[in-house]
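*Asks:* Chains as they are written, first to last, in the working numbering: chain G, 52 to 194; chain B, 52 to 194.
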DNA sequence: TTATTTAGTTATCAAATGATAACAAAGAGG
DNA sequence: CCTCTTTGTTATCATTTGATAACTAAATAA
């Protein structure tokens, strides 16, 4: 298989990943936050602590919009901002207890749907899936 | 590895896929269409012909909004609507020549970034990647 | 025939999002 | 010291998006 054909496989693959992700996460988030806010919280929960600049880069937002959304999340007591003691321009963002609780709830919903999707998978299937994710993450979807 | 651990691997994996997808597709779309319109065109180009209802389901939109965006795309001459001869309520949507051209251009940009990402991959890496995508698509990200 | 359901449209409104300008404060380099 | 860069904020505006109600037309079921 040449790289061109592999590219078309990638298009189809990412489309499947997006569709299934959508299906798993549909309505999993609390109604009190927007989609963008959920994405930010998800990113924080996977990578915390995180600076506002890193959120920009990862979520493809502009600094002013990131700042706005972070203040909203802060007003809702879902995140905490800590100042860097070395470089006082920098901030570190992490989930607050409320934020952790909200994300745990969302993840629980998503996980139960995920388990339903895998209920007929054999031990070998699970091993295959794990290995495949490792391979793609190191060889293709690396940072 | 138990299913719970596999779930956390999935969260991290999908997050990587989204990040890289974002990176590859960043600014690839024409400025004359919105993000949602691009997603619709991408879906059409992979699955055409497609009905408005199918677009709803796949893109998690409401019928009125789908209808609105499709008329915008139609006004821009990017899609064509065909009537079903059997069931005259139904429509089939496909890309127009202009739409094909626009999507080919976008895909070309994305593909060149993809190739750059793979420039140091060996033949074995490519095979591994292909196999891993097949496994995940059949065992986890199936429809 | 008369409901009822399905497929899609149009209009309207509120909210979320994206983009930009103007700003402040800290660090880095000369 | 002065300048430039980095990090983040606030304010403002246009556009996109999501949601809902009210509607038409065709198919289907009773």
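The beta-carbon is built from N, C-alpha and C at its ideal position, and this holds for glycine as well.
In chain B, what lies closer than 8 Å to residue 81 of chain G by C-beta?
*Replies:* In chain B, no part has a C-beta under 8 Å from the C-beta of residue 81 of chain G; the shortest such distance is about 17 Å.
*Asks:* Between residue 181 of chain B and residue 123 of chain G, which are expected to be in contact by the criterion C-beta below 8 Å, what is the C-beta distance as a whole number of angstroms?
*Replies:* Under the criterion of beta carbons closer than 8 Å, residue 181 of chain B and residue 123 of chain G do not qualify as touching, at roughly 43 Å.
*Asks:* Alpha carbon to alpha carbon, what distance is there between residue 75 of chain B and residue 164 of chain B?
*Replies:* 6 Å
*Asks:* What is the residue span of the alpha helix (DSSP H) that residue 110 of chain G lies within?
*Replies:* 103-110
*Asks:* Who are the neighbours of residue 60 of chain B on chain G, taking C-beta pairs under 7 Å?
*Replies:* Chain G residues near residue 60 of chain B: 181 and 184.
*Asks:* Hey, out of G:65, G:77, G:115 and G:64, whose CA is closest to residue 162 of chain G's CA?
*Replies:* G:77
*Asks:* Excluding the 5 residues preceding and the 5 following residue 157 of chain B in the sequence, name in chain order all residues of the same chain whose CB lies nearer than 6 Å to its CB.
*Replies:* Take residue 157 of chain B, set aside five residues on each side of it, and the residues of its chain with a beta-carbon closer than 6 Å to its own are 79 and 80, in chain order.
*Asks:* Between the C-alpha atoms of residue 66 of chain B and residue 100 of chain B, what's the straight-line distance to the nearest angstrom?
*Replies:* 30 Å
*Asks:* So if I threshold CB-CB distances at 9 Å, which residues from the region 99-118 of chain B count as touching chain G?
*Replies:* 109, 110 and 111
*Asks:* DSSP state of residue 84 of chain B, grouped into three classes?
*Replies:* coil
*Asks:* From G:150, G:112 and G:170, pick the residue whose C-alpha is nearest to that of residue 190 of chain B; which is it?
*Replies:* G:170
*Asks:* Straight-line CA distance for residue 116 of chain G to residue 96 of chain G?
*Replies:* Annotation: residue 116 of chain G to residue 96 of chain G spans about 20 Å, alpha carbon to alpha carbon.
*Asks:* Taking the DSSP output, what are the residues bridged to residue 133 of chain G?
*Replies:* G:143
*Asks:* Examine chain B for any beta-carbon lying closer than 8 Å to the beta-carbon of residue 160 of chain G, and answer yes or no.
*Replies:* No, because no Cβ of chain B sits closer than 8 Å to the Cβ of residue 160 of chain G.
*Asks:* Buried or exposed, going by whether 16 or more other CB atoms sit within 10 Å of the CB of residue 185 of chain B?
*Replies:* Label assigned to residue 185 of chain B: exposed.
*Asks:* Taking Cβ positions only, does residue 70 of chain G come closer than 8 Å to chain B?
*Replies:* yes
*Asks:* Under 8 Å, do residue 129 of chain G and residue 142 of chain G count as touching if we go by C-beta distance?
*Replies:* With respect to the 8 Å criterion, residue 129 of chain G and residue 142 of chain G are not classified as neighbours on the basis of their beta carbons.
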